[in-house]
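Structure first, then comments.
Chains as they are written, first to last, in my numbering: chain S, 42 to 474; chain E, 5 to 149.
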């Protein structure tokens, strides 16, 4: 089994913990001195950097929430001056504002390193031809994979997302061996391939790295069958670095976390207590090498568990279970993070005081669809259809601007959306993934 | 002279029209004219009823989205060119019609039409039509139909 960096990926737990401890201590010092937000939080908790001496002290440190990134929008949590930042990426946040992340030159180097490990995990080498069908732009998917491929010395085809027929033409003509995209897009590509009269034998595809949205073993089996490839799950989030935080090896029994850069913990999302190894709970990451945006105990809201046993592949890094759920109401639709509160904000901006709405997510022909049902109110209603259509158009446009994806807007009768006693039911997710 | 029209938002689901008319019927509200503007997902039902204020209250109590609009009811001669005469008067005055619909009256030689013009111009249109000899029906007459 190939390994990009055997020193760090296969070191003993003892050695690894030594590396982690040194890096954690150094990171804590750095954020304490350079990020007022962390200094305040630590002082409130009665902590000095010298109180953090071992990995066991990690649990004394305060958590970081997505909201903290928003409160310090855009650059407030950066630990270096802007002159040191060479790249910005962003992802959608719970409300209008984006979550902004910054990278120093060394951070980009780290990112390429962990993505190189990810790609080699999936069987990449210098002869591989990797087609990146993740979007390039503020989203971390495209660029993350791109630099990893170059680091490995393989060939990168930076197609970016969309234009399905052209993707397939390129895949065939350029001899792509590894595909990188969201799993739902992979299935859509498979469908289009059959429609174009292409067979999997016409392609040189061997494997694929798929992530940025939850997917099931059923989907994996379907992708593998239709393309005749090995489908690898990759995990990452822009706050931590982007793709490359963890990825499966070809054993496909859990995702190897790049522990010399990110320390994982599993907590109870309600009590915030750290849970013993093997427990299922919310994943929390502390970055220990990042310079631009180091994060202490970042609450991912992803539900998983950790397995510290050595993998058959020889790697000794801890493995996280495939993420199947979240501890908040975030939806991932076509790879984009969507929070119901974003829709609420759009409705409030329309001057609606008590908006009742429902999000219906479905997967049609392997592509996610979003329908937003909004109850008609006395103030929105008019006897003229063109005025109602104006409202529909405005909602459609505002939702697209806020979420970054388009949705079908459907106006429904007042009180027709079910009311619940407790927390309002805002989402119906019909996707079978 | 204007007539009050009730508009109701209805989703395109089976049985909705039956429910609205049943609700009005059981409250002794008589419909004299109606039209529906429909789109893919929903329709706007427009009604002229004998007791518009009461109808609006009952519909709102039953969770319908309702609005009341001032419209004009006219009676034109039931012969070729009868309607066009009235419409030309409004066109020449630069008054746009948002929508209109015909309904059944009791006189055999007259056709009844509801016109919706841009609201600030309703009274102006009524005055103009009356002065031009078009028969504008008072609300009391229309509600009785």
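Where is the CB? At the ideal position from N, CA and C, for every residue including glycine.
Check	Outcome
Measure the alpha-carbon distance for residue 139/E versus residue 441/S and round it to whole angstroms.	50 Å
Check whether the segment 431-448 of chain S and the segment 82-101 of chain E are in contact - that is, three or more C-beta pairs closer than 8 Å.	no
Answer yes if the segment 90-97 of chain S comes into contact with the segment 59-79 of chain S, meaning at least three C-beta pairs across the two stretches below 8 Å, and no otherwise.	yes
Among 156/S, 82/S, 356/S, whose alpha-carbon lies nearest the alpha-carbon of residue 293/S?	356/S
With distances taken from CA atoms, which of 84/S, 377/S, 388/S, 348/S is nearest residue 322/S?	348/S
Within 8 Å (strictly less), CB to CB, does residue 370/S reach chain E?	no
Taking Cβ-Cβ distances shorter than 7 Å, what residues in chain S pair up with residue 13/E?	417, 422, 454
List the residues of chain S that residue 46/E touches, going by C-beta distances under 7 Å, in chain order.	452
Could you tell me whether the Cβ atoms of residue 334/S and residue 391/S are closer together than 8 Å?	no
Tell me which residue opens and which closes the beta strand (DSSP E) that residue 172/S is part of.	170-173
Verify the CB distance criterion: does residue 459/S have a CB-CB separation below 8 Å to chain E?	no
Does the CB of residue 71/E have a neighbour CB from chain S at under 8 Å?	yes
If the criterion is Cβ atoms closer than 8 Å, does the pair residue 99/S and residue 304/S meet it?	yes
Residue range of the alpha helix (DSSP H) that residue 427/S falls in?	426-444
Please work out which residues of its chain come closer than 7 Å, Cβ to Cβ, to residue 145/S, disregarding the five sequence neighbours upstream and downstream, and give them in chain order.	121, 125, 126, 127, 332, 333
Would you say residue 50/S reaches chain E, if we count a Cβ-Cβ gap shorter than 8 Å as a contact?	no
Run down chain S in chain order and give the residues with a C-beta less than 8 Å from the C-beta of residue 123/E.	In chain order: nothing, as chain S lies at least about 10 Å away.
Can you pull the chain E residues whose beta carbon is under 7 Å from the beta carbon of residue 425/S, in chain order?	102
Using a 10 Å radius around the Cβ and a threshold of 16 neighbouring Cβ atoms, would you call residue 106/S buried or exposed?	exposed
Taking 8 Å as the cut-off, does the segment 216-226 of chain S touch the segment 170-183 of chain S (at least 3 CB pairs, one atom from each stretch)?	yes
Kindly indicate if chain S contains any beta-carbon less than 8 Å away from that of residue 97/E.	no
For residue 16/E, which of helix, strand or coil comes out of DSSP?	coil
For the candidate residues 449/S, 472/S, 341/S, whose alpha-carbon lies nearest to that of residue 403/S?	472/S
Can you pull the chain S residues whose beta carbon is under 8 Å from the beta carbon of residue 50/E, in chain order?	424
So, does the CB of residue 68/E fall closer than 8 Å to a CB anywhere in chain S?	yes
Looking only at its chain, what residues have a beta carbon closer than 7 Å to the beta carbon of residue 158/S, apart from the 5 residues adjacent to it on each side?	45, 46, 50, 299
When DSSP labels each residue in this structure, what does residue 213/S get in the three-state scheme?	helix
Closer than 9 Å by beta-carbon distance: list the chain S residues that pair up with residue 25/E, in chain order.	Correct list: empty, because the minimum Cβ distance to chain S is about 16 Å.
Quick one: using the 10 Å Cβ neighbour count with 16 as the cut-off for buried, is residue 279/S buried or exposed?	buried
Are residue 154/S and residue 207/S touching if we call contact CB-CB under 8 Å?	no
Give the DSSP-derived three-state secondary structure of residue 200/S in the structure shown.	coil
Using a Cβ-Cβ cutoff of less than 6 Å, which residues in the same chain neighbour residue 70/S once the five nearest sequence positions on both sides are dropped?	90
Report the option in 75/E, 89/E, 62/E, 78/E whose CA atom is closest to the CA atom of residue 31/E.	62/E
Could you compute how far the alpha carbon of residue 228/S sits from the alpha carbon of residue 372/S?	20 Å
Buried or exposed: where does residue 130/S fall if 16 or more other Cβ atoms within 10 Å of its Cβ makes it buried?	buried
Compute the distance between the beta-carbons of residue 121/E and residue 101/E, then report whether it is under 8 Å.	yes
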